[in-house]
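Numbering (the working numbering), first residue to last: 683 to 1213.
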């Protein structure tokens, strides 16, 4: 049997204390209940309203998400694509001789649908407006592709399968500076090239499109994402958005290999250049399309994007919304962790504990191990229930839930457990320093919970919210993030919208540093202080 001053004996003694105090056990159970219950409140209190005609729903009574690629990742796949079929290996080459665009600086289009759809638009390309050549596995939304393209301000790029982006020459394409683009296919491998003169070619990159069929569509395309301006102020940040257009003029289009069929040229204002829905196109979609140009080429005008889809408020739920109740469970854990130390000071039991274990550092370590371990188990169980449970409720309410890989969901669950465990040790250390329960609880809530709420509640400018989510212990909530801030997609990447400036584990490391610093101070004071 271990001696009374051994570490294992102290851990067992602290575990016995914790499980025999009913209030502490209730507090830990409450932490799990709050984590799950608060996460459930959002979907349980939501309802999707349906339009009806004579009692019958005229549209599907659920929120639909964007199309998916083969992995399940939500994507945007909207462009004007002039194409024909290529069978087997081959290549497509085209010269981009002009590249321009328009956008709505006011964030909207003409109110009158019969008016000029470009009325009020200003000249200018968006940073990620695109025009170039494309090899695609058919024309189905979300199908695999590779493209070599020019952008508004990011030079020539090779992009493929929505999430992959490789930089080429940082050049601007215009009538005085045309650019030759080339894609070659060899089996499942696509290689992209760029040239300033059509003679000397520079390889940009390669892409492997698994299970690419023999017949693919090749051609030229143009697309342009929404214009977006983020306005920051106290009271939150707002994003002003509006549609935009990109127009690319191509000539010297050449397809090598076995190609078949005439060029499929989307008509101006056709549904193929818009959202694929029925009815007449409006706004920029009314002028999107393609027309033949000199030299056997085409002038292609497009709107939309071919890129990962960023979650949009109101369009669907992100997987981490299931853990919205974490802050409630965290408060309960903080209270229990602080009281395990301050109650001993209040009742004078600390002298008995130290008499039984004169090596004070071991006593504090034993408390930290027990509190951290129990809090981890509580958080793990709560998160493991909340993630699938809340998702089931959201699905039952016909809400759309964005995709997250199994690896990301496992990291969310384990990360939430670690967040509670480290916070418990932090609260224990602060309680050891201040020796007052209310003061310790208030201090830890102020440095962890309050910055989190301010960062995500849209009450601060985006810069201030990002600062709080970077340098305060609230950075640890990044461990729950599943949404990716894609560099090739312009969006409002702020904590309010679920984007944290630090990576998941780096954010948790910030909290660990605060907890380690507080623990070091607590250890020093406990050893030197006359209790």
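The beta-carbon is built from N, C-alpha and C at its ideal position, and this holds for glycine as well. Quick caveat: nothing in here was measured; it's all calculated off a predicted structure.
Each residue's CA atom was taken as its position, placing residue 708 and residue 700 some 11 Å apart.
Per DSSP, the beta-bridge partners of residue 864 are 775, 875. Annotation for residue 886: no alpha helix (DSSP H) segment contains it, though the beta strand (DSSP E) segment containing it runs 884–890. Remark: C-beta atoms of residue 1065 and residue 1094 approach each other more closely than 8 Å.
Counting along the chain, no beta strand (DSSP E) covers residue 836, and no H or E run does either.
Annotated as proximal: residue 696 and residue 1048, with beta-carbon spacing under 8 Å. With 16 or more other Cβ atoms inside 10 Å of its own Cβ, residue 819 counts as buried. The stretch 971–984 makes no contact with the stretch 1073–1086, as fewer than three CB pairs between them are under 8 Å.
Sequence-distant Cβ neighbours of residue 692 in its own chain, meaning closer than 7 Å and more than five residues away, are 1039, 1044, 1045, 1048.
Sorting 892, 831, 1166 by C-alpha distance to the C-alpha of residue 988 places 831 at the top.
Inclusion of residue 1007 and residue 716 in the CB contact set at 8 Å is warranted, their separation being smaller than that value.
Beta bridge pairing from DSSP links residue 974 with 980. For residue 1175, the closest C-alpha among the options 862, 950, 1147 is that of 1147. When DSSP states are grouped into helix, strand and coil, residue 1148 belongs to the helix group.
Pairwise C-beta distances place the stretch 842–859 in contact with the stretch 821–830, as three or more of them are shorter than 8 Å. Residue 1205 and residue 1126 have their C-alpha atoms spaced approximately 18 Å apart.
Excluding sequence positions up to five before and after residue 1052, its CB lies within less than 7 Å of the CB of 693, 696, 697, 700, all in the same chain and listed in chain order. Nearest C-alpha to residue 943 among 704, 690, 765, 757: 765. Under the three-state reduction of DSSP, residue 899 is assigned to strand.
The beta carbons of residue 799 and residue 969 sit closer together than 8 Å. In this structure, the straight-line span from the alpha carbon of residue 1019 to that of residue 1106 is close to 5 Å. Its Cα nearest to that of residue 780, the residue 834 stands out among 834, 1097, 817, 1096. About 33 Å separates the CB atoms of residue 1167 and residue 1112; that is not less than 8 Å, and the two are not in contact.
The closest CA to that of residue 909, considering only 985, 849, 899, is found on 985.
With a cutoff of 8 Å on beta-carbon distance, residue 900 and residue 778 are scored as not near each other. In the three-state reduction of the DSSP assignment, residue 1182 falls in the coil class.
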